[in-house]
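J.:
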Amino acid sequence: MNTWVTKNNYKVIQVPSGRCNVYLLTNGKTNILIDTSTKSNQKKLLHRLNDLKIQKIDYLILTHVHFDHAANAAAIKEKFGSQIIIHSTGSHLLKTGKAILPRGTNFITKNLVQTIGDKTAHKFNFPACEYDITVDGYFNLEEIGYNLSIIHTPGHSPDSISIIVDNEIAIAGDALFGIFPKSIFPPFADIIQDLIASWGKLLETGCSIFLPSHGLARDRKIVEKIYNKSRLML
């Protein structure tokens, strides 16, 4: 499993779990899970956590409430007693388990959403779940022994958040992608201008590593390059 270690010896472990990258953050005392993948990957996720000998997950942070990130939140909360942290604008989606599909950002995905989006959205609904903590603009977790903050990075969805670890690693959800070598642009996003502005927010943190929910880690150089080119659109 890919693992990154920060200056304060926090470990960020990528937990292989299918469609969505799931990350486990630990300082040796407190465990934080970030996202949960899809319903069809629940057994795989739990198996991987068992391989890591994880017996408790203190907090579950959802980068946003889409089906491929939040579908197993109820199962994680039930098994590990985790407190769930989400952005306030996604709270009603988690409580109802309602799937919302974002808009496409290219010709193919735009047509896909326009053609079948509304007709198939209900197929992506997931088990409803209660949340414990909501975030708005900024949230700090120093009180639990972490140099960790959560920032609002909308664009892909209104409730998208990113987790900043030790000002070194940004776990960015779908705010950026790692699928294509020379691009960080996600195939789906509600408001492209907000998405680009969120890249600027991520760069302001000083992080050098950006971990997406889909694809491989990105370094600061490529994020800066694409942001500087794209912000001319703002």
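Quick note on numbering that gives the first Met the number 0: the sequence shown kicks off at 0 and runs consecutively.
Beta carbons are placed, not taken as given, at the ideal position from N, Cα and C, and that holds for glycine.
A quick note: this is a predicted structure, and the numbers were derived from the prediction, not measured.
Could you pull out every residue in the same chain whose Cβ sits closer than 6 Å to the Cβ of leucine 92, ignoring the five residues on either side in sequence?
T.: For leucine 92, where only same-chain residues beyond five positions count, the Cβ hits under 6 Å are Val64.
J.: What does the Cβ neighbour count give for valine 4, buried or exposed, with the cut at 16 atoms within 10 Å?
T.: Flag for valine 4 reads exposed.
J.: So the alpha helix (DSSP H) glycine 199 belongs to, where does it begin and stop?
T.: Start and end: 191-203.
J.: With DSSP collapsed to three states, give me the class of glutamine 54.
T.: If DSSP states are grouped into helix, strand and coil, glutamine 54 belongs with coil.
J.: By a C-beta neighbour count over all protein chains shown, 10 Å radius and 16 as the cutoff for buried, is glutamate 141 buried or exposed?
T.: Exposed, because fewer than 16 other Cβ atoms sit within 10 Å of the Cβ of glutamate 141.
J.: For serine 148, list the residues DSSP reports as bridge partners.
T.: In the DSSP output, where bridge partners are listed per residue, serine 148 has Asn139 and Ile163.
J.: Does the segment 82-89 come close enough to the segment 150-160 to have 3 or more Cβ pairs within less than 8 Å?
T.: Yes, the segment 82-89 is in contact with the segment 150-160.
J.: Using a Cβ-Cβ cut-off of 6 Å (strictly less than) and excluding sequence neighbours within five positions of phenylalanine 66, which residues of its own chain qualify?
T.: Same-chain partners within the cutoff: Ala98, Phe123 and Phe125.
J.: Find the nearest neighbour of valine 164 within the set Cys206, Pro211 and Trp198, judged by alpha-carbon distance.
T.: Among Cys206, Pro211 and Trp198, the Cα nearest to that of valine 164 is on Cys206.
J.: Where does tyrosine 22 sit, in a helix, a strand or coil, going by DSSP?
T.: Three-state result, tyrosine 22: strand.
J.: Of the choices Gln54, Ile183, Thr25 and Leu32, whose alpha-carbon is the least far from that of isoleucine 242?
T.: Residue coverage of the chain in this structure runs from 0 to 233, which leaves residue 242 outside it and unanswerable.
J.: If contact is defined by three or more beta carbon pairs under 8 Å, each pair taking one atom from either stretch, is the segment 25-40 in contact with the segment 135-149?
T.: Counting Cβ pairs under 8 Å, three or more are found: they touch.
J.: Taking serine 16 and serine 36 to be in contact with their CB atoms under 8 Å, please state how far apart those CB atoms are, rounded to whole angstroms.
T.: Yes, serine 16 and serine 36 are in contact; Cβ-Cβ is about 4 Å, under 8 Å.
J.: Hey, out of Val21, Gln54 and Lys52, whose CA is closest to alanine 72's CA?
T.: When each option's Cα is compared against that of alanine 72, the closest is Val21.
J.: Got a sec? Which residues, its chain only, sit under 8 Å from threonine 133 by beta carbon, not counting five neighbours each side?
T.: Excluding sequence neighbours, threonine 133 sits near Ile84, Ile85, His86, Ser87 and Ser90.
J.: At a cut of 8 Å, does the segment 38-55 reach the segment 200-218 through at least three beta carbon pairs?
T.: With a cut-off of 8 Å, the segment 200-218 and the segment 38-55 do not count as touching, because too few Cβ pairs lie within range.
J.: Of the choices Glu167, Asp193, Ser212 and Phe187, whose alpha-carbon is the least far from that of arginine 219?
T.: Considering only alpha carbons, the answer is Glu167.
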